[in-house]
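Engineer: My questions will all concern the structure given below.
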Amino acid sequence: MYTHHNNELTIRDAGKRVRLKGFVQRARNLGNLVFVDLRDQEGITQLAFDADNELRMEAGRLKAEYVIEAEGKVRERSSKNKDLPTGDIEIDVDAFRVLSKAAQPPMLIRDETDALEEVRLRHRYLDLRRPRLKRLMKLRHQTVKATRDFLNEEGFMEFETPILTKSTPEGARDYIVPSRLDKHHFYALPQSPQLFKQLLMIGGFERYYQIARCFRDEDLRSDRQPEFTQIDIEMAFIDQEAVIDLTEKLMARIVKETKGVELKRPFPRMTYEEALRDYGTDKPDTRFGMKIVDTGETFAKSGFKVFKTVLEKKGTIRGVNAKSLAAAYSRKDLDGLTKEAERLGAGGLVHMKMEDGEIKSPIAKFLSEEEKDGLTEKMRMEEGDLVLLVADSEKTVQKVLGRLRIIIAKEQDLVSGDDLDFHWVVEWPMFEYDEEEGRYRSLHHPFTRVQDEDRAKLSSDPLAAKAYGYDLVVQGYELGGGSMRIHETKLQGEVFRVLSIDEKTQRERFGFLLDALSYGTPPHGGIALGLERLLMVLGQTENIRDVIAFPKTQSGHCLLTGAPSVVDEEQLRELALKKEKKRDG
RNA sequence: GGUCCUGUGGUGUAGCGGUUAACAUGCCAGUCUGUCACACUGGAGAUCGCGGGUUCGAUUCCCGUCAGGACCGCCA
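Under the working numbering, residues 198 to 782 are what the first sequence spells out, in order.
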């Protein structure tokens with residue numbers, strides 16, 4: 198046993214006999230004097246060997262990452278290290294023991310001088326020894342603990358729902374698991390516990406939560422993993438405001454306990470429509486301004502052909518003002534932005550700088566004085582400002598300008614990771630129209646409740662029907678979303694009808710839910726929050742792999758274990774599965 | 001499904017149509033009593049991801065493939 202962790206001892210412990218353990222961070226052999234930095238989960242303590250004896254010789258032979266145990270007396274250092282919490286003291290060691298030797302590690306176990314991520318993932322257990330990963334894993338634990346503490350106090354019950362469950366073709370691609378007992382039938386891993394938590398409400402539980410593992414077989418990104426965790430919450434006999442209020446309190450509690458910061462409540466809200474109008478996205482980063490502005494009538498009579506054509510086609514001309522960034526963007530930089538705009542589907546990008554009191558732009562010569570003045574006013578252009586305009590369909594303009602805002606903010610460092618701009622996007626539409634499939638699709642999911650006053654629009658004008666839906670957004674991440682659910686069989690049927698899901702399919706896929714709804718269902722609603730995304734924001738990292746102990750690569754591989762891997766023919770036979778012969782390409 | 005970037009001693013990088021493949025760090029040996037990324041001296045360590053092609057000659061150029069990363073599509 199040990200007496201202390203390696204972050205604990207201070208000058209007040211001088212003279213104490215202690216026993217420490219840990220990994221050798223580093224042995225510094227100065228000849229007749231040897232120092233060893235001993236690292237454990239909590240920190241580093243310096244061991245000193247200065248007696249002229251065998252012990253010192255042995256200490257000089259210690260290598261990085263050996264696991265040892267050492268005993269001795271705490272003493273004040275003659276030269277202190279103010280960078281270490283234990284920097285005032287060292288241990289005058291009189292006995293130590295090597296518990297385990299270590300091969301030369303493939304990477305430096307230190308925050309700086311990092312190996313590439315590929316090496317770190319292959320040897321994740323070594324990567325996890327680094328203080329940075331220690332800090333992030335601790336943050337994860339604290340966040341989950343704060344969540345459980347808070348929800349338990351609020352009268353919630355924690356549940357577990359099945360991991361082997363039924364495939365639901367709507368939505369993301371499922372991971373499937375073959376059944377041995379029922380040949381050619383498959384379980385699916387849950388994309389979320391959505392239906393189960395609703396069934397718990399129907400089962401008469403009023404406040405559910407789960408730290409729930411979810412699985413989606415889709416392509417990965419720097420903020421997406423094939424398996425990830427949601428803080429999943431559902432409540433009965435409440436309204437939307439109750440869910441929003443509870444979620445804000447939960448966020449406040451987590452931020453307080455992990456960062457020591459008080460969040461201002463209530464969080465700001467904007468409607469889905471406002472989000473798209475002002476920021477060009479349904480998950481705006483509101484840490485910086487640069488809102489999208491409609492030039493309206495400014496170019497109504499424009500002689501500039503591009504503008505004229507777009508307006509004739511019922512398109513729109515909108516822009517953003519990158520305040521005082523005219524000097525920051527050279528012609529070449531602007532070409533880069535233009536290329537990005539074109540890649541996103543815009544015909545081009547108009548840029549203008551306000552310099553020496555006048556608009557400088559490649560298209561300036563096509564604009565009348567009236568147009569220039571109008572634009573200056575609309576965009577609130579001042580000396581040194583850079584304005585970017587896109588003329589196209591509303592959808593394209595929003596997409597392009599929304600993207601350019603983010604690019605510029607990143608390039609120009611307009612954002613701070615400390616700025617927790619939690620806000621709600623509310624009043625989501627029930628449906629969007631899928632051009633490819635020629636039918637309506639749920640924006641949230643098919644169990645979302647339509648707002649009472651919009652119920653008639655389900656048949657008359659589905660696209661105008663608003664849902665009781667809400668997303669929590671921070672720093673441009675969709676942190677989570679939720680809704681009030683449908684609790685009547687009849688309404689659920691109406692929604693399925695809009696979605697063109699016929700009765701046979703309804704029965705096949707959701708029959709159990711429809712049956713359940715028919716036996717008396719409390720009004721209910723909830724929310725699901727992406728734990729990893731929250732941790733990325735709190736931990737100030739852009740990489741989701743940093744907040745997962747054993748993450749997978751962009752191609753879904755676990756470099757540590759080698760998953761996924763082939764299996765024995767025998768295993769396949771048992772499942773009545775056959776390998777498909779690889780076709781030559 | 002697509003676009004782009006990367007792959008060179010253990011690790012991170014440099015390099016170039018012909019080199020003894022360079023540098024840093026780590027590793028090994030030695031010197032050193034106040035280091036803390038110790039310092040100094042010396043040393044070992046690389047079929048340049050894999051396969052094919054072009055060429056008198058390929059680590060270098062081309063094609064394919066594999067692996068990692070960023071992004072688009074996708075993720076109700």
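We treat Cβ as the ideally placed atom computed from N, Cα and C, and that holds for glycine.
For the candidate residues GLU470, THR495 and VAL231, whose alpha-carbon lies nearest to that of ALA661?
Structural biologist: In the first sequence, the residue the question calls residue 661 occupies position 464. The shortest Cα separation from ALA661 among GLU470, THR495 and VAL231 belongs to GLU470.
Engineer: Quick check: the stretch 624 to 643 against the stretch 602 to 612, are there 3 or more CB pairs under 8 Å?
Structural biologist: No, they do not touch.
Engineer: Per DSSP, what kind of secondary structure is HIS338 in: helix, strand or coil?
Structural biologist: Residue mapping note: residue 338 aligns to position 141 of the first sequence, counting from 1. DSSP places HIS338 in helix when its eight states are reduced to three.
Engineer: Any idea what DSSP makes of ARG780, helix, strand or coil?
Structural biologist: Against the first sequence, residue 780 aligns to sequence position 583. In this prediction, ARG780 scores a pLDDT of 43, lower than 50, which makes its location untrustworthy; the coordinate-derived value is nonetheless stated afterwards. Three-state DSSP puts ARG780 in coil, outside helix and strand.
Engineer: By the three-class DSSP mapping on this structure, what secondary structure does THR455 have?
Structural biologist: For this step, residue 455 is matched to residue 258 along the first sequence. Of the three classes helix, strand and coil, the one that applies to THR455 here is helix, per DSSP.
Engineer: Which residue's Cα is closest to the Cα of ASP618: ARG484, VAL264 and ILE745?
Structural biologist: Translated into the one-based positions of the first sequence, residue 618 becomes position 421. When only C-alpha atoms are compared, the closest one is ARG484.
Engineer: Under the three-state reduction of DSSP, which class applies to ASN518: helix, strand or coil?
Structural biologist: The sequence position of residue 518 within the first sequence is 321, counting from 1. Three-state result, ASN518: strand.
Engineer: Would ARG209 be called buried (16 or more neighbouring beta carbons within 10 Å of its own) or exposed?
Structural biologist: Taking the first sequence and counting its residues from 1, the one referred to as residue 209 is at position 12. So ARG209 counts as exposed.
Engineer: Run through the DSSP bridge pairs and tell me what ILE241 is partnered with.
Structural biologist: Residue mapping note: residue 241 aligns to position 44 of the first sequence, counting from 1. ARG236, per the DSSP bridge assignment.
Engineer: So, are the CB atoms of MET576 and ASN518 less than 8 Å apart?
Structural biologist: The residue labelled residue 576 in the question sits at position 379 within the first sequence. The residue labelled residue 518 in the question sits at position 321 within the first sequence. It is a contact, given that the beta carbons lie within the stated cut-off.
Engineer: Quick one, are the C-beta atoms of PRO266 and ARG294 less than 8 Å apart?
Structural biologist: Stepping through the first sequence from its first residue, residue 266 is reached at position 69. Stepping through the first sequence from its first residue, residue 294 is reached at position 97. The question names Pro, yet the displayed sequence has Glu at residue 266. In this structure, ARG294 lies closer than 8 Å to GLU266 by Cβ.
Engineer: Which residue comes first and which comes last in the beta strand (DSSP E) that contains MET398?
Structural biologist: In the first sequence, counting from the first residue as 1, residue 398 sits at position 201. First-last for MET398: 391 to 399, but that is the alpha helix (DSSP H), not the beta strand (DSSP E).
Engineer: Can you find the residues in the same chain that come closer than 6 Å, C-beta to C-beta, to GLU537, ignoring five residues on each side of it along the sequence?
Structural biologist: Position 340 of the first sequence, counted from the start, is the residue given in the question as residue 537. Closer than 6 Å at the Cβ level, and outside the excluded window around GLU537, lies no residue.
Engineer: According to DSSP, is TYR674 helix, strand or coil?
Structural biologist: Here the question's residue 674 lines up with position 477 in the first sequence. Strand, per DSSP.
Engineer: State yes or no: is the C-beta of THR513 within less than 8 Å of the C-beta of GLU629?
Structural biologist: Residue mapping note: residue 513 aligns to position 316 of the first sequence, counting from 1. Residue mapping note: residue 629 aligns to position 432 of the first sequence, counting from 1. No, the pair does not count as a contact, with Cβ atoms beyond the cut-off.
Engineer: What does a CB cutoff of less than 6 Å around VAL231 pick up in its chain, not counting 5 residues either side in sequence?
Structural biologist: The sequence position of residue 231 within the first sequence is 34, counting from 1. Within the same chain, VAL231 has close Cβ partners PHE246, ARG253, ALA256 and GLY257.
Engineer: Mapping DSSP to helix, strand and coil, what is GLU632?
Structural biologist: As a working mapping, residue 632 is identified with position 435 in the first sequence. GLU632: coil per DSSP, three-state reduction.
Engineer: Does the Cβ of GLY723 have 16 or more other Cβ atoms within 10 Å, making it buried, or fewer, making it exposed?
Structural biologist: As a position in the first sequence, residue 723 is number 526, starting the count at 1. Its Cβ being crowded by 16 or more others within 10 Å, GLY723 is buried.
Engineer: Can you say whether GLY635 is buried or exposed, counting buried as having 16 or more other CB atoms within 10 angstroms of its CB?
Structural biologist: Position 438 of the first sequence, counting from 1, holds the residue named residue 635. Exposed, because fewer than 16 other Cβ atoms sit within 10 Å of the Cβ of GLY635.
Engineer: Below 8 Å on the Cβ atoms is my contact criterion, and I expect ILE286 with LEU217 to pass it. Report the Cβ-Cβ distance as a whole number of Å.
Structural biologist: Position 89 of the first sequence, counted from the first residue, corresponds to residue 286. Position 20 of the first sequence, counted from the first residue, corresponds to residue 217. In fact, because the Cβ distance is near 12 Å, the residues do not count as touching under 8 Å.
Engineer: For the candidate residues LEU598, GLU633 and GLY678, whose alpha-carbon lies nearest to that of VAL622?
Structural biologist: The residue labelled residue 622 in the question sits at position 425 within the first sequence. Selected option, being the one with the closest Cα: GLY678.
Engineer: Taking DSSP as the reference, what is the three-state secondary structure of ARG600?
Structural biologist: By one-based count along the first sequence, residue 600 stands at place 403. Three-state DSSP puts ARG600 in a helix.
Engineer: How would you call HIS382, buried or exposed, if buried means at least 16 neighbouring beta carbons within 10 angstroms?
Structural biologist: Within the first sequence, numbered from 1, the residue matching residue 382 stands at position 185. Its Cβ having fewer than 16 others within 10 Å, HIS382 is exposed.
Engineer: Ordered along the chain, which non-local residues of its own chain (more than five positions away) have a Cβ less than 6 Å from that of PHE393?
Structural biologist: Counted from its first residue, the first sequence places residue 393 at position 196. Excluding sequence neighbours, PHE393 sits near THR358.
Engineer: Give me, in chain order, the residues of the same chain whose beta-carbon lies closer than 8 Å to that of LYS488; leave out the 5 immediate sequence neighbours on both sides.
Structural biologist: Stepping through the first sequence from its first residue, residue 488 is reached at position 291. For LYS488, where only same-chain residues beyond five positions count, the Cβ hits under 8 Å are ASP475, TYR476 and VAL517.
Engineer: Beta carbon of PHE696, beta carbon of GLN395: below 8 Å?
Structural biologist: What you label residue 696 is simply residue 499 of the first sequence in a count that begins at 1. What you label residue 395 is simply residue 198 of the first sequence in a count that begins at 1. Here residue 696 is Leu; the residue named in the question, Phe, does not match the sequence. No, these two residues do not count as a Cβ contact at 8 Å.
Engineer: At the level of alpha carbons, what is the spacing between GLY782 and VAL763?
Structural biologist: Position 585 of the first sequence holds residue 782. Position 566 of the first sequence holds residue 763. Residue confidence is low: GLY782 scores 30 on pLDDT, short of 50, so the model does not pin down where it sits. Its coordinate-derived value is still stated next. Roughly 21 Å separates the two Cα atoms.
Engineer: Within 10 angstroms of the Cβ of TYR667, are there 16 or more other Cβ atoms? Answer buried if so, exposed if not.
Structural biologist: Locating residue 667 in the first sequence gives position 470, where the first residue counts as 1. The residue is buried, with at least 16 neighbouring Cβ atoms inside 10 Å.
Engineer: Report the residue ranges of all beta strand (DSSP E) runs contained in full by the stretch 244 to 325; include only those spanning at least 3 residues, in chain order.
Structural biologist: If we require 3 residues or more, the beta strand (DSSP E) runs fully inside the stretch 244 to 325 come out as 264 to 273 and 286 to 297.
Engineer: Taking the alpha-carbon positions, what's the LEU789 to ILE428 distance?
Structural biologist: Since the first and last residues shown for the chain are 198 and 782, residue 789 lies out of range.
Engineer: Which residues bound the alpha helix (DSSP H) around GLU403?
Structural biologist: On the first sequence, position 206 is the one that residue 403 refers to. Here GLU403 belongs to no alpha helix (DSSP H), and DSSP marks it neither H nor E.
Engineer: Using the DSSP secondary-structure output, state which residues sit across from GLU216 in a beta bridge.
Structural biologist: Taking the first residue of the first sequence as position 1, residue 216 is located at position 19. Strictly speaking, residue 216 in this sequence is Arg, with Glu absent from that position. Bridge partners of ARG216: GLU268.
Engineer: Per DSSP, TRP621 is paired with what?
Structural biologist: Taking the first residue of the first sequence as 1, we reach residue 621 at position 424. DSSP, once it has assigned bridges, lists ARG466 and LEU669 as partnering TRP621.
Engineer: Return the Cβ separation of PRO423 and ASP414 in integer angstroms, given the expectation that the two are a contact with Cβ distance under 8 Å.
Structural biologist: The count along the first sequence starts at 1 and reaches residue 423 at position 226. The count along the first sequence starts at 1 and reaches residue 414 at position 217. Indeed, because the Cβ distance is near 7 Å, the residues count as touching under 8 Å.
Engineer: According to the neighbour-count rule (16 or more other Cβ atoms, all chains shown, within 10 Å of its Cβ), is VAL597 buried or exposed?
Structural biologist: As a working mapping, residue 597 is identified with position 400 in the first sequence. Classification for VAL597: buried.
Engineer: Within 10 angstroms of the Cβ of ILE241, are there 16 or more other Cβ atoms? Answer buried if so, exposed if not.
Structural biologist: Along the first sequence, read from residue 1 onward, the residue named residue 241 stands at position 44. By the neighbour-count rule (16 or more Cβ atoms within 10 Å), ILE241 is buried.
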